[in-house]
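Novice: In this note's numbering, the protein residues as written are -9 to 205.
1) Given a threshold of 16 other Cβ atoms within 10 Å of its Cβ, counted over all protein chains shown, does residue 23 qualify as buried or as exposed?
2) Note down, in chain order, each residue of its chain lying with its Cβ closer than 7 Å to the Cβ of residue 100, except the 5 sequence neighbours on either side.
3) Within 10 angstroms of its Cβ, does residue 117 collect 16 or more other Cβ (buried), or is it exposed?
4) By Cβ distance, which residues of its chain are closer than 6 Å to residue 42, with the 5 residues on each side in sequence left out?
5) Below 8 Å on the Cβ atoms is my contact criterion, and I expect residue 93 with residue 16 to pass it. Report the Cβ-Cβ distance as a whole number of Å.
6) Would you be able to state if there are at least three C-beta pairs under 8 Å between the stretch 107 to 123 and the stretch 50 to 62?
7) May I ask which residues mark the beginning and end of the alpha helix (DSSP H) holding residue 157?
8) Starting from the C-beta of residue 81, find all residues in its chain whose C-beta is less than 7 Å away, skip the five residues before and the five after it, and write them out in chain order.
9) To the nearest angstrom, how far is the alpha carbon of residue 124 from that of residue 66?
10) Count the other C-beta atoms from every protein chain shown that fall within 10 angstroms of the C-beta of residue 139, then say buried if there are 16 or more, exposed otherwise.
11) Let me confirm a value: residue 96 is counted as buried when at least 16 other C-beta atoms fall within 10 Å, else exposed. Which label applies?
12) For residue 103, count neighbouring C-beta atoms within 10 Å of its own C-beta (all shown protein chains included) and say buried if the count is 16 or more, exposed if not.
13) Considering only their Cβ atoms, is the gap separating residue 183 from residue 169 smaller than 7 Å?
14) I'd like to check one pair, residue 62 with residue 127: are the Cβ atoms closer than 7 Å?
15) Can you tell me where the alpha helix (DSSP H) with residue 73 in it begins and where it stops?
16) With DSSP collapsed to three states, give me the class of residue 78.
17) I need the DSSP call for residue 24, collapsed to helix, strand or coil.
18) Suppose you measure from the CA of residue 178 to the CA of residue 157; what does that come to, to the nearest Å?
19) Roughly how many angstroms separate the alpha carbons of residue 30 and residue 45, rounded to a whole number?
20) Tell me where the alpha helix (DSSP H) around residue 4 begins and ends.
21) I'd like the ranges of any alpha helix (DSSP H) spanning at least 4 consecutive residues and lying wholly in the stretch 78 to 126.
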């Protein structure tokens, strides 16, 4: 007779599965990671993993939800420790904090074109609700940290999210592309994610705030 697994053990196993997936997704791209690998790292069979996550997409979204929450916590601590005094300060804090979480950037880039497409309607709604909560948290954080953004926190977070996805695509290079970009004359395409995101977000913040001031 199989030993029954208690709720605490189920919770622990679920967290272990998420951590296993996080480790693999940090090493390789989403397409090359398999649920079999995730399970084998924990000594589980794939059938057991399916009891917790029915698809690879559902598991990746769970990783993204958790990592996004941790990113916002880190950002909050950074903004509390270093008060914002300019648009550049806020853009720099946003860009630096996200640049330290390449897995979040990587998953941001595929969430709409890949991850959401293989979810049940119930899981998709749950993910969108979690996203709305994260948006609310991020909005409150920005507005409390930089008063000129009062009433504009959500649109600012959404704009930053879009920038991060676009600049993430622009700066993520394979080994062959990195080699090609060493060619004289192609220096303009050798961009750093954090630097480019900071510069572009500074311009965007200036536009958002000046729009509200009537200039």
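For every residue, glycine included, the Cβ atom is placed at its ideal position computed from N, Cα and C.
Specialist: So, from the data block:
1) Buried, since its Cβ has 16 or more Cβ neighbours within 10 Å.
2) 20.
3) Buried: at least 16 other Cβ atoms inside 10 Å.
4) Closer than 6 Å at the Cβ level, and outside the excluded window around residue 42, lie 4 and 7.
5) Between the beta-carbon of residue 93 and that of residue 16 there is about 5 Å, and that keeps the pair under the 8 Å contact cut.
6) Below 8 Å, enough C-beta pairs join the stretch 50 to 62 and the stretch 107 to 123 to call them touching: three or more.
7) Where residue 157 is concerned, the enclosing alpha helix (DSSP H) stretches over 143 to 161.
8) Excluding the 5 residues flanking it on each side, residue 81 has same chain C-beta neighbours closer than 7 Å at 188, 191, 192 and 195, in chain order.
9) Straight-line Cα distance between these residues: approximately 13 Å.
10) By the 10 Å Cβ count, residue 139 comes out buried.
11) Counting every other CB atom within 10 Å of its CB across the protein chains shown gives residue 96 a total of 16 or more, marking it as buried.
12) Only exposed fits residue 103, as fewer than 16 other CB atoms lie within 10 angstroms of its CB.
13) No.
14) Against a cut-off of 7 Å, the Cβ pair of residue 62 and residue 127 comes out as a contact.
15) It is not in any alpha helix (DSSP H) - residue 73 carries neither H nor E in the DSSP assignment.
16) Three-state result, residue 78: helix.
17) Coil, per DSSP.
18) Roughly 14 Å separates the two Cα atoms.
19) Answer to the nearest angstrom: the Cα atoms are 16 Å apart.
20) Per DSSP, the continuous alpha helix (DSSP H) segment holding residue 4 begins and ends at -3 to 17.
21) If one requires a minimum length of 4 residues, the alpha helix (DSSP H) runs lying completely within the stretch 78 to 126 are 92 to 98, in chain order.
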